[in-house]
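Numbering (the numbering used here), first residue to last: 110 to 405.
In this text, a Cβ means the ideal position worked out from N, Cα and C, and glycines have one as well.
I have placed the structure first, in the form of structure tokens, so that the comments after it can refer back to it.
Dropping the structure here:
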């Protein structure tokens with residue numbers, strides 16, 4: 110059968126060439142690559158035309174509406190029953206499409222899959238595996254999304270298109286944590302699974318992380334608004350507290366004390382998140398220290 114990959118892009122023509130090439134080079138050839146141009150002003154259109162592969166469909170809208178809007182347009186346009194996602198700065202490994210298609214064919218109960226990936230650092234540090242467990246239990250899946258034991262970037266997600274349509278696709282009001290929100294909404298009414306198979310590479314750049322710090326607290330509170338269990342159930346709240354520890358540790362390691370003070374004020378003003386992390390999550394102190402000394 111046909112497998113669709115949706116690749117949103119915004120002014121990243123130079124990166125798009127490599128990421129698209131990894132989709133087109135899949136060992137399983139019956140694929141559809143939908144490149145959704147989110148209002149780019151660079152050479153993206155010319156680059157896509159130059160790829161000259163009939164398996165590519167190029168969709169463009171204007172003005173820029175954000176990655177979630179672009180992904181939803183791709184879901185609507187997809188011709189395959191199985192959909193995967195890729196970001197323009199990441200790369201599929203050659204067996205991704207074949208594995209995903211076979212996985213869904215073997216188990217008709219499963220509507221969404223979260224796979225594993227290799228984290229590649231721009232500074233030359235050795236790559237790091239981010240391996241999820243091979244687990245078909247829907248309850249453990251939902252717990253893992255909440256408590257942070259499952260790693261869940263958007264390119265790790267593959268799903269049946271019908272299930273994505275049924276839940277309304279990605280939340281276009283979220284600028285961050287769209288992957289967590291999508292998987293939590295899927296897992297409410299659809300069976301979801303995780304795999305330990307390494308199927309793609311994520312390219313980590315320090316600047317990208319620092320650029321997101323300003324929006325972290327707003328994104329966390331937006332998830333709390335949409336998924337109250339994140340705050341009210343102790344086994345889920347562990348993930349929220351872990352994320353807060355990591356966030357403040359990264360800020361402290363970078364010496365961003367004013368940002369720390371600002372974010373503490375934001376949490377106090379909101380009032381829902383109190384005394385996070387170290388009291389109820391024993392390993393919080395260890396993670397905080399690791400960030401302070403510069404390890405990940």
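Within the continuous beta strand (DSSP E) that includes residue i, where are the two ends?
{"i": "residue 113", "result": "112 to 118"}
Among the options, which one has its Cα closest to the Cα of residue i?
{"i": "residue 138", "options": "114, 253, 357", "result": "114"}
{"i": "residue 263", "options": "328, 327, 277, 193", "result": "193"}
{"i": "residue 338", "options": "182, 362, 251", "result": "251"}
{"i": "residue 323", "options": "197, 370, 307", "result": "370"}
{"i": "residue 329", "options": "135, 158, 351", "result": "351"}
{"i": "residue 184", "options": "112, 206, 125, 160", "result": "112"}
{"i": "residue 176", "options": "245, 164, 282, 191", "result": "282"}
{"i": "residue 207", "options": "219, 134, 198", "result": "134"}
{"i": "residue 294", "options": "255, 314, 265", "result": "255"}
{"i": "residue 308", "options": "174, 210, 148", "result": "210"}
{"i": "residue 447", "options": "216, 306, 276", "result": "The question about residue 447 has no answer, for the chain in this structure spans 110 to 405."}
{"i": "residue 165", "options": "149, 374, 116, 174", "result": "116"}
{"i": "residue 147", "options": "368, 136, 372, 197", "result": "197"}
{"i": "residue 140", "options": "290, 346, 236, 205", "result": "205"}
{"i": "residue 303", "options": "167, 124, 240", "result": "240"}
{"i": "residue 342", "options": "312, 260, 382", "result": "382"}
{"i": "residue 314", "options": "120, 172, 229, 380", "result": "229"}
{"i": "residue 174", "options": "215, 118, 226, 219", "result": "118"}
Please classify residue i: does DSSP put it in a helix, a strand, or coil?
{"i": "residue 261", "result": "coil"}
{"i": "residue 310", "result": "strand"}
{"i": "residue 363", "result": "coil"}
{"i": "residue 318", "result": "Below a pLDDT of 50, predicted positions are generally treated as unreliable, and residue 318, at 49, falls in that range; the measurement from the model is reported next regardless. Looking at residue 318 - three-state DSSP - the assignment turns out to be helix."}
Since residue i and residue j are thought to touch, with beta carbons under 8 Å apart, how far apart are those beta carbons, to the nearest angstrom?
{"i": "residue 221", "j": "residue 299", "result": "6 Å"}
{"i": "residue 195", "j": "residue 132", "result": "6 Å"}
{"i": "residue 110", "j": "residue 189", "result": "7 Å"}
{"i": "residue 169", "j": "residue 154", "result": "7 Å"}
I need the boundaries of the alpha helix (DSSP H) containing residue i, first residue and last residue.
{"i": "residue 334", "result": "325 to 335"}
Using a C-beta cutoff of 8 Å, does residue i count as contacting chain D?
{"i": "residue 187", "result": "Protein chains in the displayed structure number just one, and chain D is not present."}
Quiz item: What residue ranges within the region 128 to 211 form continuous alpha helix (DSSP H) runs of no fewer than 4 residues, ordered along the chain?
Solution: Residue ranges of uninterrupted alpha helix (DSSP H) with 4 or more members, entirely inside the region 128 to 211 and ordered along the chain, are 153 to 160, 176 to 186.
Exercise. For the region 217 to 293, list the alpha helix (DSSP H) runs that are entirely contained and at least 4 residues long, ordered along the chain.
Key: Correct list: 247 to 256, 270 to 276.
Quiz prompt | Sequence ranges, alpha helix (DSSP H) only - wholly within the region 338 to 382, length at least 4 | solution = 338 to 341, 343 to 362, 366 to 379, all fully within the region 338 to 382.
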